[in-house]
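Participant: Supplied in C-alpha cells, the structure appears directly below.
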Amino acid sequence: MITVRTLFRKKENKEKITMISTYDYLSAKLCDQVGIDCILVGDSLGMVFQGKNSTLEVTLEEMIYHTKAVRRGVKEAFVIADMPFMSYQVSLEKALENCGKVIKEARANAVKLEGGEEIADLVYKLVSIGIPVVGHIGFTPQKINTIGGYRVVGREEEGERVKKDFKILEEAGAFMIVLETVPSSLAREITEGAKSITIGIGAGPYCDGQVLVFHDLVGLVEEIKPKFVRRYLNGAELFRKALSQFKEDVEKGRFPTEGESYG
C-alpha cells in the first residue's frame, strides 16, 4: 500500500508521481489496477459529476459519500479527499472536526486544502494531530469569485506570493502541494528548492508529479479542453456508439437473443 513515505521515496529517487482525480468506485478501481500512485477525490465533482458551474456548491456530506465509494475501489493507491468550500474556513475547531470526519468516516489517507498563508495555522494543527495535509496554491477554484475567473496565476509579481505561500505551507507541515495553472518556470523554481512533494496541473513538466481528472483524460468531457489536458481516449464518442448500437438492436429486435434470455 502506498503511504506518505512511499511518495517521499519516489521524490528522492526522482521518480514521477501519478495522480488521478475521480469520484466513484469503478474508475478508482481501474486507476488502482494500473498502479496510479494517488487518487484525489476532488470537489471538481461538482462540475464533472453534478454538472454545476463551479466547485462552490459541493457539500461535506457529498465529499464523504464519494470518498467512501472511491475507497471501496482502492487497494494500493493513496487516497486524498478535497475539503469543500466553507468546510474549513469558518473556524479552527469546525475545520478540525470536519477534516477528522473525512479521515474517520470516509477513510481518506489525507485531506487537501486550498490556500496559502491564511490556512497555515490549520495545516500545522492537523499535521500535529496526525492528519496528513495536501496544500493547493496557484489557481484555487474555491476563490474563483475573487480571482476573477479561470486564469494563469503567478506571472510577474504574483509569482512572489505563490512562492511565499508554498514556503509557508511547507513549514506548516503540508507534505504535498498542488500547483495549479502556474507558469512552468515558477513551478520548476519551487520544485527545485522544495522539501514537500509538488504535483502539477497546468504547471509544466518539472513538478514531482502530475494530476489530471479521469473524465478529462479518457475524453468524457467534451465541452471544454484546457491547454494542460491530454486526452488519451475519445471516450464520449465510444460511449455514444455503444448506446446507439443498443438502441438500434432493441428497436430492430436483435436484442435480446435467445442466448441472452432465460428458459
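Numbered by the working numbering, the letters in the sequence shown go through residues -14 to 248 in order. Beta carbons are placed, not taken as given, at the ideal position from N, Cα and C, and that holds for glycine. Treat the numbers as computed from the prediction; the structure is a model and nothing was measured.
Among the residues of its own chain, which have a CB less than 7 Å from the CB of V33, if the five just before and after it don't count?
Facilitator: The residues are V198, H200, V206.
Participant: For F63, report the span of its beta strand (DSSP E) as first-last.
Facilitator: Here the beta strand (DSSP E) through F63 covers 63 to 67.
Participant: Curious, which full-length alpha helix (DSSP H) runs of at least 4 residues does the stretch 131 to 197 contain?
Facilitator: 143 to 157, 169 to 177, all fully within the stretch 131 to 197.
Participant: Shortest alpha-carbon distance to Y217 belongs to which of K226, E208, I209, G204?
Facilitator: Residue G204 is the option with its Cα nearest to Y217.
Participant: Taking K14 as the reference, give the member of E78, G248, K53 with the closest Cα.
Facilitator: K53
Participant: Assuming I182 and L(-8) form a contact by the criterion Cβ under 8 Å, report the distance between their Cβ atoms to the nearest whole angstrom.
Facilitator: Between L(-8) and I182 the Cβ distance is about 6 Å, and since that is below 8 Å, they are a contact.
Participant: In terms of residues, what are the limits of the beta strand (DSSP E) holding G120?
Facilitator: Start and end: 118 to 123.
Participant: Just checking, does the stretch 42 to 61 make contact with the stretch 218 to 237 on the three C-beta pairs under 8 Å criterion?
Facilitator: no
Participant: Once DSSP output is grouped into helix, strand and coil, what is the label at S6?
Facilitator: strand
Participant: Taking Cβ to Cβ, would you say V(-13) is nearer than 8 Å to F63?
Facilitator: Going by the sequence as given, residue -13 is Ile instead of Val. Yes. Within cutoff.
Participant: Can you tell me whether V87 is helix, strand or coil according to DSSP?
Facilitator: helix
Participant: When you compare the CB positions of V147 and M4, do they come within less than 8 Å of one another, or not?
Facilitator: no
Participant: Taking the continuous beta strand (DSSP E) assigned at A95, which residues delimit it?
Facilitator: Looking at the DSSP string, the run of the beta strand (DSSP E) that includes A95 is 95 to 99.
Participant: Determine the closest residue to E0 out of D22, V108, S229, C16, with distance taken between C-alpha atoms.
Facilitator: Closest option to E0, Cα to Cα, is D22.
Participant: Under three-state DSSP, which class holds V112?
Facilitator: helix
Participant: Let me check one thing: in DSSP terms, what residues is L25 bridge-paired to?
Facilitator: S6, I65
Participant: Are L171 and G134 closer than 8 Å when you measure CB to CB?
Facilitator: no
Participant: How should E155 be labelled, buried or exposed, when 16 other C-beta atoms within 10 angstroms of its C-beta is the threshold for buried?
Facilitator: buried
Participant: Restricting to Cα atoms, I'd like to know which of E243, I2, P117 is closest to K89.
Facilitator: P117
Participant: By a C-beta neighbour count over all protein chains shown, 10 Å radius and 16 as the cutoff for buried, is A66 buried or exposed?
Facilitator: buried
Participant: Ordered along the chain, which non-local residues of its own chain (more than five positions away) have a Cβ less than 6 Å from that of K37?
Facilitator: G31
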